[in-house]
Amino acid sequence: MIVSDFRHLNHTVSPAATELSEAWQRSLSRLGDYTAMVVRALNLRPQAAALYRQTDRHLLVRLTLPGEHVILRVAPEDDLSAHVTFLRGLAAGGLPGARLIQRDLSKAFVPFAYTLESFVAGKTAADLDDDHLLHSIARQAGRALRRLHRQSMPGFGRPTISGRWPRLSWRHVLIAIGQRLAGLPTPQLIFSPEEVQALQAVLHDPRLDCPSPVLMHGNFGPHAVRCTVGGQHVHLEALEEPGWFVSGDGLFDLAFGLRAHLPAAWREGLYEGYCSAGALSVAESE
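Here the sequence shown is numbered in numbering that gives the first Met the number 0, starting from 0 and rising by one per residue.
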């Protein structure tokens, strides 16, 4: 039976939910209405529709079509330019990831950018509680990440929806990443004045210079690796949920994926996999 009524996707948003922006409140409260508009525009014939997942920046609706599932990704505030760039890069490099089926970043038809993507089954590596499996999937992810970083990019940061790249340096992007992770006044609350000064010195260290940007994930970790498990074997299905910035120094991804709070099995496997195609140079190791 073909679904034509999507009102079950509409969410009641409390007036007290002041932490949600107007764009998020609108997208949640009318998610079913907007889904119906996109479904009709793309001439889809779904047999079922459900809210699959909500991320920090997107709403994912799973549509069940005859023979396959697809994901409608709704971005209340993100223009999805970086996300689309990342998916295209995965496809160009033959790397595992969702297939981009359709996109509309204009916000002309509905008040948000959206994509239609293939559905990738499985769980994230963050959901694995077996060290052997976690080490194995981390090795696979590390090899895929190294291949990702072989793709040259025309600029640093993220493109506009028209595909143009701003003239930014890698240092500008690094500072912007830091501001997104911990904007003011967080650094002053966490670090002493001496530590803040040391951090600024690190950001201006010439060793951080990156003359040639490459495709990167920008928010790499176990949560960004989708896999399937069968017994004592695990298989990498997709790299997913890239960060706000997707072009720069690939070593940022490696460093971000090796953060101290992540499980040792993950960190060891990731480093082994990343270096399996060749050891890091002395400059890269520094």
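Glycine residues also receive a C-beta, built at the ideal position from the N, C-alpha and C atoms.
May I ask you to report which of helix, strand or coil DSSP gives Ala209?
It is Cys, not Ala, that sits at residue 209 in the sequence shown. Coil, per DSSP.
Can you list, in chain order, the residues of its chain with a C-beta nearer than 7 Å to that of Pro262? Leave out the 5 residues immediately preceding and following it.
Only Leu133 meet the Cβ criterion.
Reducing DSSP to helix, strand and coil, say where Thr63 ends up.
In this structure, Thr63 counts as strand in the three-state DSSP scheme.
What is the rounded straight-line gap between the Cα of Leu50 and the Cα of Glu271?
Taking the straight line from one Cα to the other gives about 37 Å.
Could you check what DSSP says for His148 in three-state terms: helix, strand or coil?
Coil, per DSSP.
Hey, would you say Arg142 sits closer than 9 Å to Ala22, going by beta carbons?
Not closer than 9 Å, so no.
Does DSSP put Leu214 in a helix, in a strand, or in coil?
Reduced to three states, the DSSP call for Leu214 is strand.
Which same chain residues end up closer than 7 Å to Ala35 when comparing Cβ atoms and leaving out the 5 residues on each side of it in sequence?
Taken in chain order, the residues that qualify are Phe5.
In the DSSP assignment, the alpha helix (DSSP H) including Thr34 goes from what residue to what residue?
Thr34 -> alpha helix (DSSP H) spans 30-40.
In angstroms with no decimal places, state the Cα-to-Cα distance between Ala223 and Phe85.
Whole-angstrom Cα-Cα distance: 13 Å.
So the alpha helix (DSSP H) His171 belongs to, where does it begin and stop?
Taken as a continuous stretch (DSSP letters only), the alpha helix (DSSP H) holding His171 covers 169-180.
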